[in-house]
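2 protein chains.
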Amino acid sequence: MNGFLGTYNISLDDKGRLNVPAKLRATLEKEYGPHLVVCVMDGFLIVFPQNEWATNEEKLSHLNAFDKGDRNRLREFYAGATECKIKSGRILLPANQREAAGLKKDAVLVGMSKTFEIWAPDRWTRVSG
Amino acid sequence: MNGFLGTYNISLDDKGRLNVPAKLRATLEKEYGPHLVVCVMDGFLIVFPQNEWATNEEKLSHLNAFDKGDRNRLREFYAGATECKIKSGRILLPANQREAAGLKKDAVLVGMSKTFEIWAPDRWTRVSG
DNA sequence: AGGATAGTGTCTTAAAGTGTCAAATAGTGT
DNA sequence: ACACTATTTGACACTTTAAGACACTATCCT
């Protein structure tokens, strides 16, 4: 299978939920499950299927939670993340993540193979051309 | 499962109790129990579910009780800790811990997988950006 | 004992999150 | 192009969660 591909313009509903496009949803259902981890990046969001997230987490497992520097690194990683589940085709992003990504009414979803990204339209056009 | 994730802004009530956000509470209930150990760190608090505390305690057991430096480290660790329990969704932090963390009216909770942290808002922004 | 203070239970209100449906739109096969 | 199906959107009612307030209990102190 091909993982997540393509660009999708979607809109958020009155409560800030966003509809996961059917194609991405199909990939999710076939390859992964409904559990996602959403993570704040520079000015956009990365969505990991649960087990993809887990492999990232594993890479950090050698860090020592009692070491100050390591702890800072762990914090950076975990603080920006949230678990979230697809519910009747949609996901609700927490308000602070929506804000971090500058999401208001519309969003752009971009497939990236094992993950996909969520962008505010204006930020996306600035990147993509 | 994913453990504690995310950042939450919450406020303390008039008696200094803080509401544990529903998501963290759900993780606690699923993976752990209502018994917590709260521990003063550099300028913030770390909350351990009871059994995570126990495993940490074990890790520290290799330290030499006759070594001055180790002993200081242990003392610092244990002296700053308190047991506490979630009661109707909230926890009450002892006054000295609140003071040590600079907590007044608002707090930031940060999930860190197996533990979570409690920060005073001003100290948190200094760390996180 | 009496008063002060710290801790606990519970209620109310407001806000955030969830389920569901119907109309609108896009996509499909013939 | 047409009818038909699937998907997306927006809306609304409902549920859950958080915040603040207040009364009550336990504890401490003199």
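Protein sequences appear in the order of chains A and B.
Per the numbering used here, the first sequence starts with residue -1, numbered consecutively.
Per the numbering used here, the second sequence starts with residue -1, numbered consecutively.
Using N, Cα and C, we set each Cβ at its ideal position, and we do this for glycine too.
C-beta atoms of residue i and residue j nearer than 8 Å
| i | j | result |
| --- | --- | --- |
| L61/A | Q48/A | no |
| V106/B | N17/B | no |
| P32/A | L26/A | yes |
| F75/B | L91/B | no |
Among the options, nearest to residue i - alpha-carbon criterion
| i | options | result |
| --- | --- | --- |
| D120/B | F42/B, L58/B, S86/B | F42/B |
| E81/B | R69/B, L72/B, Q95/B, R71/B | Q95/B |
| R73/A | N0/B, G4/B, M(-1)/B | G4/B |
| G14/B | M(-1)/B, A93/B, G1/B | A93/B |
| K83/B | V45/B, G67/B, V125/B | V45/B |
| T123/B | A77/A, S86/A, G87/A, V125/A | A77/A |
| L10/B | S126/B, G87/B, V125/B, F114/B | G87/B |
| R71/A | M(-1)/B, D12/B, S126/B, F2/B | S126/B |
| E29/A | D65/A, F2/A, D12/A | F2/A |
| K85/B | R23/B, A63/B, N0/B | R23/B |
| E55/B | W117/B, A79/B, M(-1)/B, D12/B | A79/B |
| D12/A | I89/A, I116/A, F114/A | I89/A |
| R69/A | R69/B, D68/B, F114/B, A63/B | F114/B |
Those residues which DSSP pairs with residue i across a bridge
| i | result |
| --- | --- |
| T53/B | According to DSSP, which records beta bridges pairwise, T53/B is partnered with nothing at all. |
| T113/B | M110/B |
| I166/B | Here chain B has residues from -1 to 127 only, and residue 166/B is not among them. |
| I84/A | I84/A pairs with nothing; no bridge assigned. |
| A79/B | C37/B |
| L144/A | Nothing in the structure corresponds to residue 144/A, since chain A is present only between -1 and 127. |
| L91/B | Per DSSP, none; premise fails for L91/B. |
- Three or more C-beta pairs closer than 8 Å, one from the stretch 94 to 102 of chain B and one from the stretch 40 to 59 of chain A: is that the case here? no
- Query: Pairing CB atoms from the stretch 26 to 43 of chain B with CB atoms from the stretch 108 to 120 of chain A, are three or more of them under 8 Å?
  - Reply: No, the stretch 26 to 43 of chain B is not in contact with the stretch 108 to 120 of chain A.
- Message: Restricting to runs no shorter than 4 residues, where is the alpha helix (DSSP H) found entirely within the stretch 16 to 64 of chain B?
- Response: 20 to 29, 48 to 58
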